[in-house]
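What follows is a set of notes on a single structure, which appears directly below.
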Amino acid sequence: MAKKLMKGCEAIGEAAVKAGCKLFFGYPITPQNEIPEYMAHRLPQVGGTFVQAESEVAASNMIYGAAGSGERVFTSSSSPGISLMQEGISYIAGSELPVVIVNIMRAGPGLGGILPSQSDYFQATKGGGHGDYRLLVLAPWSVQEAADLVQDAFDLADFYRNPVMVLGDGLIGQMMEPVEFKPERTPCKPLAPKEWAATGCSGDRPTNIVNSLFLDPEVLERHNQKLKAKYDRMVRDEVRCASYGTDRPYDVLVVAYGTVARVSSTALDDLRGEGVDAALFRPITLFPFPHAELRAAAEKAQEVLVVELSTGQMIEDVRLALEGRKPIHFLGRQGGMLISPEAVAEKVKAIQASSAEVRRG
Amino acid sequence: MAETVVFARPQALAPVTTHYCPGCTHGVIHRLVAEVLDELGLRERTVGIAPVGCSVLAYNYFATDFHEAAHGRAPAVATGIKRARPDLIVFAYQGDGDLASIGMAEIVHAANRGEKVTVVFVNNAIYGMTGGQMAPTTMPGQVATTCPLGRDVNLAGYPIRVAELLATLRTPAFVARAAVHTPLHAVTAKEMLRRAFRYQAEGTCFSLVEVLSTCPTNWGIPPVEATAWVEKNMVPYYPLGVFKTPDGPDRAPRPAPVVEA
Ligand SMILES: Cc1ncc(C[n+]2csc(CCOP(=O)(O)OP(=O)(O)O)c2C)c(N)n1
Ligand code: SF4
Ligand SMILES: [Mg+2]
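Respectively, the protein sequence lines represent chains S and G.
In the working numbering, each number is its position in the first sequence, counted from 1, plus 43.
In the working numbering, each number is its position in the second sequence, counted from 1, plus 28.
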């Protein structure tokens, strides 16, 4: 299929359709309105259903019901709306249902602003809702990657029977780039029939009950441990990351995800022209976080720089990964302000200069 | 002489003992729903939705597939299931705290969208499960643990009449109120439930049957007095009957058509 110029939000919507998702429930919020709008016109064309929910609370509980029936289902929102969805997400995780949730992050807290941000990293990777659960979190850095990851997200959700979040910032949703959809896509995981779905019981099997309530603490503990084993399998099998410039020697390793990683890679290109040696490490899965891969990449660097559109959230995972092995610096903007390649380049140069001075003694 | 079965457990009820208190009519309402599912031949394609409330374990009591819902969200879960699988019969079973307090938005909008689902709304004028706190349906002057001097309508407002409220919506629906505190009332309640499920099976409309129910435990009275309490205190405020039918005269004013500017 030829490449087509698409806005990120539209590519995300089309990717869901290409993944065989025929159900969308959501509530309008900037900067992701183009996703529900796209689904509202696109889903009827493929015999699907779009429902504008009365709130994100309702939307998250609608996808809970739809997923329980075994059908692929999807919702999208932006930060304040994702906060309201936490109820449904926790129940979905507890009931082990597959859903895909897209968060096009905007700056917070509270109503915050409508401009791009990465300030929901904690919420996405450390729980968000109540209870001991994890989302599998994928962070695209281009419109093409957003389209690819959304399709994979449906397979991963089905395979693990777990909610999968695609975490993009406002830039991913709004920018236009060429996108290609493969005509014959093979699922990224083997898919089993959904024998657990509540679809009516003719008596030839025990009734299927979609449920997260376990009043007996021993039973609930077993359930918690079963979920943990699943998250451990994700940690073992689903880590995705990318690195740039790590094939040459480098002094500074920049760690960033999403469009900030894209900006940082531009900075590295510029720096190379100036003879500054730096490389980039980009987590694609934020949970599971690529701890071992990051540690290996940082091994060769003197210093590490984390760049985020927040006051510093992913940096905590970077610290955990590096366990004090390297000095970690931070560059962040907040409130919807962006980070320029020049700002990243300046920071890298400053770090390299002071590091060289220290080493000279 | 051949034996004739005059009373048996409906197929749609699981052969288990419920946890409901003596004199609680949740169990009666379960049975009526199950009988209707059996009689309409719907059991095998039914998915029920259990609320958060005393009937939270309803999924153990019905012999149909079931889905849990968060407190108040059963109509949203029902929407998700029905939109995903319109061929299924979907019913939500909800208490009055669940439906009329935390879940008011979900029920109003599911009804207003005309979701082709059935809601069994059990109004016992109290939060049963959490130990007898005030519900939006608690009667004026009724004592509850969070209104120890009785519901003060100047502070808490008047009890919400859900059936009447939903009947103001223009979208076609079947909305009725029944009771089960006497056998005769139970027979009428079953008729209303039958109509509600039939409308869904025919794909006609949203349907809701509010059922006045007892909670002797949290009302602090014996079961027999509880049935009298329903008759004396609830029925006058919550009149029984059909409030809206899909083909009946509409109470809401007909809106003017949209005119292009
Ligand atoms: C979000 C949330 N808030 C509060 C509760 C606690 N809670 C459980 S049941 C209930 C009230 C149920 O009352 P009702 O719906 O009237 O059902 P009944 O027990 O009377 O049948 C409450 C407040 C909860 N489980 N979840
Ligand atoms: S507490 Fe009330 S509503 Fe709950 S089971 Fe007992 S009598 Fe029924
Ligand atoms: Mg109640």
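Just so it is clear, CB atoms sit at the ideal spot from N, CA and C, and this is done for glycine as well.
{"query": "For Cys284/S, the three-state DSSP class (helix, strand or coil)", "result": "strand"}
{"query": "Asn152/G beta carbon near ligand 3 (any heavy atom closer than 7 Å)", "result": "yes"}
{"query": "Beta-carbon proximity list for Ser98/S, same chain, < 7 Å, skipping 5 on both sides", "result": "Tyr70, Leu127"}
{"query": "C-alpha distance - Lys260/G paired with Ala254/G, whole-angstrom precision", "result": "10 Å"}
{"query": "Beta-carbon separation (whole angstroms), Ser119/S vs Val145/S, contact threshold 8 Å", "result": "4 Å"}
{"query": "Residues of its chain near Phe234/G, where Cβ-Cβ distance is below 6 Å and the 5 sequence neighbours each way are ignored", "result": "Ala139, Gly142, Glu143, Ala201"}
{"query": "Bridge partners - His95/G, DSSP secondary structure assignment", "result": "Val253/S, Ile77/G"}
{"query": "Ligand 5 heavy atom lying under 7 Å from the CB of Thr73/S", "result": "As for ligand 5, it is missing from this structure, which binds only ligand 1, ligand 2 and ligand 3."}
{"query": "Rounded Cβ spacing between Arg73/G and Leu116/G (contact assumed at less than 8 Å)", "result": "5 Å"}
{"query": "Cβ neighbours of Ala280/G in the same chain (closer than 6 Å, five flanking residues each side left out)", "result": "Confidence in Ala280/G is poor, its pLDDT being 48 and thus under 50, which makes the residue's placement unreliable; the coordinate value appears in the next sentence. The residues are Thr196, Arg198."}
{"query": "Separation of Ala62/S from Glu1/S, as counted between CA atoms", "result": "Residue numbering for chain S in the displayed model covers 44 to 404; residue 1/S lies beyond these limits and cannot be assessed."}
{"query": "7 Å Cβ cut-off: residues of chain G touching Glu130/S", "result": "Ala98"}
{"query": "Closer than 8 Å to chain G by CB, Val401/S", "result": "no"}
{"query": "Closest Cα partner of Pro50/G within the set Leu60/G, Val252/G, Gly269/G, Thr273/G", "result": "Val252/G"}
{"query": "Chain-order list of residues whose beta-carbon lies under 7 Å from that of Met330/S (same chain, five-residue window excluded)", "result": "At residue 330/S the sequence reads Phe, which differs from the Met that was named. Around Phe330/S: Thr168, Arg177, Leu178, Leu179, Val180."}
{"query": "CB of Ala97/G within 8 Å of CB of Ala128/G, strictly", "result": "no"}
{"query": "Residues bridged to Leu66/S (per DSSP)", "result": "Thr92/S"}
{"query": "Residue environment, Val401/S, which counts as buried when at least 16 other CB atoms sit within 10 Å", "result": "exposed"}
{"query": "Contact list for the region 100-128 of chain G against chain S, Cβ threshold 7 Å", "result": "Arg101, Ala104, Val105, Ala106, Thr107, Gly108, Ile109, Arg111, Ala112, Arg113, Leu116"}
{"query": "Contact set between Thr118/S and chain G, taken where Cβ atoms lie within less than 8 Å", "result": "Those do not exist, as Thr118/S stays about 10 Å from chain G at its closest Cβ, beyond 8 Å."}
{"query": "Whether Val258/G touches Val148/G by CB criterion (8 Å)", "result": "no"}
{"query": "Residue environment, Asn152/G, which counts as buried when at least 16 other CB atoms sit within 10 Å", "result": "buried"}
{"query": "Where the beta strand (DSSP E) containing Glu346/S begins and where it ends", "result": "346-351"}
{"query": "Alpha-carbon to alpha-carbon, Gly76/G and Pro249/S", "result": "15 Å"}
{"query": "Three-state secondary structure (DSSP) of Arg376/S", "result": "coil"}
{"query": "Inter-residue spacing [alpha-carbon to alpha-carbon] between Val34/G and Ala224/G", "result": "25 Å"}
{"query": "Contact with chain G by Glu97/S, beta-carbon distance below 8 Å", "result": "yes"}
{"query": "Near-chain S residues of the region 64-87 of chain G (beta-carbon distance less than 7 Å), N- to C-terminal order", "result": "Glu72, Arg73, Thr74, Val75, Val84, Tyr87"}
{"query": "Test: Ala200/S CB closer than 8 Å to a CB of chain G", "result": "no"}
{"query": "Buried versus exposed call for Phe93/S [16 or more other C-beta atoms within 10 Å across all chains shown]", "result": "buried"}
{"query": "Residue ranges of each alpha helix (DSSP H) within the region 143-231 of chain S, 4 or longer", "result": "164-168, 186-203, 213-217"}
{"query": "Reference Ala299/S; option with closest CA among Val387/S, Leu314/S, Asn205/S", "result": "Val387/S"}
{"query": "Any non-hydrogen atom of ligand 3 within 7 Å of Asp124/G CB", "result": "yes"}
{"query": "Tyr266/G: CB within 7 Å of a non-hydrogen atom of ligand 3", "result": "no"}
{"query": "Integer Cβ distance of Ala150/S from Ser138/S, believed to fall under 8 Å", "result": "Not quite, the Cβ-Cβ distance comes to about 32 Å (not below 8 Å), so this is no contact."}
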